[in-house]
Amino acid sequence: MILHKVSLCNFGIYGGDAAFDLTPQSGARFQRPVILFRGKNGVGKSTLAEAIRLCLHGKLALGGRTRQRDYEVYLRQRLHRDEQGETAVSAHITLEFEHVLMGRRQHYKVRRAWQLNGRRLVPSLTIWVDGERLADSDEEKEYLLRELIPPGVAELFFFDGEKIATLSEESAGSADLLADTVKNLLGLHLVEQLDRDLDIYLMRQTGAQELRTCQAELTRLHEEEAEWERLREETHRQLDECRRQINNKREAITLLEEKIAREGGRYAENQAAREAERQQIAASIAQAEQEIFELSRGVMPFAVAPNMLRAAQARLQREAVYESWQALQPRLQQLEGILKEPEAEYRAAETIKPDPRIAKIEAFLQTNKQPPMPAEEVVHRVSPEERGVLLNWIDEALTTAPRQMAAALQKRRMLQEKLAEVDESLSRVPVMDILRPLQDNLRQLERELGRLEAEQERLTAEEGRIAYHLERIAGSKRRVSEQIAHINTDEYRIKLAARTKLLLGDYRKRLTERKLEQLAAQLRQRFNQLSRKRNFIEEIRINPETFDVTLYRAGKPFPRRQLSAGEEQIFAIATLWALREVSGRPLPVIIDTPLSRLDEDHRRAMLAEFMPQAAQQVIVLATTAEIDEAAFAFLQPVVSRAYLLQADKTVAQASEQRVFPRH
């Protein structure tokens, strides 16, 4: 299948007529498969993908359980509104494509339109096949489109941001999406329908009492299953709507954040940090001032008179010497007395020569008889301990305290200068009266997003509970079918129906297991290819019951939560790519915002590996930040057409960019 052209009129942001040529160029093998749309958020990229999906599937594009009333409300909301707020009265989407059916290539042109007629909304569907307009009813034409491209199969070529985000998470939502896609891919919904039809057939048969008992039990189980199926459909519808609202809220938050940035929001974003920094600096200044105060309460005041302190220090030291002399006198007098006692004996003995050491001691005693200072000059009559404290205080006042005070004053001065800088920075923040309403709106959107995400978790848990009961009922029905198959009855058709039910269950199980093995192998190959790590993941296993995906490295499970944000998105894209490979269907790829969460290496891998190889036609919807001029130049050899989308107030505008393929 190849998409050739899409035309929009008054759809969403596209006011008036807009048409885009989507045909890949470069020969029969489509070696330039990429059709590139670039532009900022809100300029109509996602609207293009939405328009293609809507044109192909109508109401089913919103989900299989969408009511007609909800569909009409949606169509009204997608009518273009101009700058004055006026709503267009009609809109249409036209899609032209080639499709091979039963070995025959045909050209299709599908035009889906709707018009306001008073309060009524009148939709219409027109289809041309090879230039010939079909005269069938709208219902028959819808059936034709479903046969050409079943809505479930179409999931294989719409790689939208919501789907990528869901698959990138290790959650029940990811497993559910994978399960639904695999079932659609394998046609398991047809097997399930046949299983239900056989139930109805068995319930309507008559026969022996044992058979009637089984039929009654089967009827009861069927009614219980129908009620749980109804609950599952309603829960699934609510979950789809919740996910759609989550996606819308995230887009609205992104747009509002960009608007806040344009209004000076980059300053506002820093305001909280600046305010916190200001409070921290103010606290540090208060701490420095407290330190200065504590120093002032100590010996610091004495430091203002250093000469007086030095004089006091000298006197205390002299008085310390005097007190040491005074304390030594009793000992010296005792020693002098000892020396005088044998003096006569020494002098009588003329043969004994005088000892020079005694002469030195006598000289020392004579020298220390005189006090170092007059006793009346001693002022400070204090103990040695008190004198030591006084001398320490004086030394602190002369040396340590001034240094500490100077450091504290310097620290306070620097902090005050920094505080002045922060205050000046805060004064440059745009007037908050302009930003506050936008920020309030942003916080409101974030609160609503949180509420929706909580509701999504609740609905996902409810789906799990319903799935448990349906699995229980399926097991009970299988046991009843086994009983019917073994009942002694001549009704061959009854036995055949019961045995067929048993075989269907086994067939579905084996088919699912085989396809999941193929999918796991393809997923491992594509994920390693896109992650640029050829043996990063050694094995992938997919549980055929829960569809949970487990990665293996070095023979051990590798938790998906250890993947980076970029690797998670690569994993989601690799999953969709692998599903396409397993399906074997030559469908185009439409991928919306593919590079937003990727680092430079993964972006380059997407540009070099995925976009040129994913399909014969790859329609890329990206922001100018995702694919900038450098990335555009790198991608040009595989680009057939490139469009730059811009928005003038409420209207999208597009210009085709020249591409220069290599020869």
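In case it helps, the numbering used here puts the sequence shown at residues -7 to 655. Positions of the beta carbon are idealized from the N, C-alpha and C atoms, including for glycine. Just so we're clear, the structure is a prediction, and the values are computed from it rather than from any experiment.
Own chain, CB closer than 6 Å to residue i, minus 5 neighbours either side, in chain order
i	result
proline 143	His49 and Leu52
alanine 171	Phe539
glutamate 454	Thr227
alanine 80	Asn2, Leu71 and His72
cysteine 47	Ile85, Leu87, Val102 and Arg104
Beta-carbon gap between residue i and residue j smaller than 8 Å
i	j	result
valine 610	leucine 511	no
alanine 393	methionine 300	no
isoleucine 119	leucine 87	no
leucine 418	leucine 231	no
leucine 587	alanine 564	no
aspartate 415	lysine 37	no
leucine 522	isoleucine 562	yes
histidine 99	aspartate 122	yes
valine 26	valine 630	yes
arginine 518	glycine 497	no
isoleucine -6	glutamate 90	yes
alanine 11	lysine -3	yes
cysteine 234	glutamate 447	yes
glycine 55	arginine 229	yes
methionine 397	isoleucine 277	no
proline 298	leucine 390	yes
leucine 579	alanine 607	yes
phenylalanine 150	alanine 41	yes
proline 115	leucine 182	no
threonine 570	leucine 407	Note on residue identity: the sequence assigns alanine, not threonine, to residue 570. Going by C-beta atoms, alanine 570 is not nearer than 8 Å to leucine 407.
glutamine 638	glycine 31	yes
glutamate 474	leucine 494	yes
Other residues of its chain near residue i: CB distance less than 7 Å, five sequence neighbours each side excluded
i	result
arginine 577	Val145 and Leu148
lysine 133	Leu117, Ile119 and Leu126
When the options are compared against residue i, the one with the closest alpha-carbon
i	options	result
threonine 15	Asp640, Arg633, Thr79 and Glu621	Arg633
glutamate 216	His228, Asp191, Asn239 and Asp232	Asp191
glutamate 249	Ile582, Leu599 and Leu430	Leu430
glutamate 438	Leu427, Phe550 and Ile245	Ile245
leucine 28	Gln237, Ala622 and Met603	Met603
arginine 125	Lys101, Asn239 and Arg500	Lys101
alanine 208	Asp387, Ser468, Ala557 and Leu494	Ser468
leucine 636	Tyr63, Ile458 and Glu648	Glu648
asparagine 33	Lys251, Ile238 and Leu390	Lys251
alanine 546	Val35, Gly456, Glu559 and Asn527	Asn527
glutamine 185	Phe294, Ala607 and Arg500	Arg500
glycine 558	Trp385, Gln402, Arg595 and Arg428	Arg595
arginine 464	Arg57, Glu221 and Glu601	Glu221
tyrosine 63	Ile85, Trp106, Ser288 and Arg96	Trp106
arginine 516	Ala566, Lys548 and Gly456	Ala566
asparagine 239	Gly8, Leu462, Gly442 and Gln554	Gly442
histidine 214	Arg270, Asp189 and Gln237	Asp189
Sheet register partners of residue i (DSSP bridge)
i	result
proline 115	Trp106
leucine 48	In DSSP, leucine 48 forms no bridge with anything.
proline 549	Tyr544
serine 38	DSSP lists no partner for serine 38.
phenylalanine 294	Per DSSP, none; premise fails for phenylalanine 294.
alanine 89	In the sequence as displayed, the identity of residue 89 is phenylalanine instead of alanine. The partner list for phenylalanine 89 (beta bridge, DSSP) reads Leu(-5) and Tyr100.
valine 121	Tyr100 and Glu124
cysteine 206	DSSP lists no partner for cysteine 206.
phenylalanine 519	Answer is none; phenylalanine 519 lacks a bridge partner.
leucine 539	Reading the sequence as shown, one finds phenylalanine at residue 539 and not leucine. Partner(s): none; phenylalanine 539 has no beta bridge.
serine 82	Gln107
serine 647	Leu636
phenylalanine 150	Ile582
aspartate 13	Lys(-3)
phenylalanine 3	Tyr6 and Leu71
Neighbourhood of residue i by C-beta, 8 Å cutoff - its chain only, sequence neighbours within 5 removed
i	result
threonine 504	Val174, Leu178, Leu180 and Pro536
glycine 95	none
histidine 655	At histidine 655 the pLDDT is 43, less than 50, meaning the model places this residue with poor confidence; the figure from the coordinates comes in the next sentence. No residues qualify anywhere along the chain.
> Are at least three pairs of beta-carbons, each pair with one atom in the segment 523 to 542 and one in the segment 498 to 512, less than 8 Å apart?
Replying inline: yes
>> Measuring CB atoms only, is the segment -6 to 12 touching the segment 61 to 78, in the sense that at least three cross pairs come out at less than 8 Å?
In response: yes
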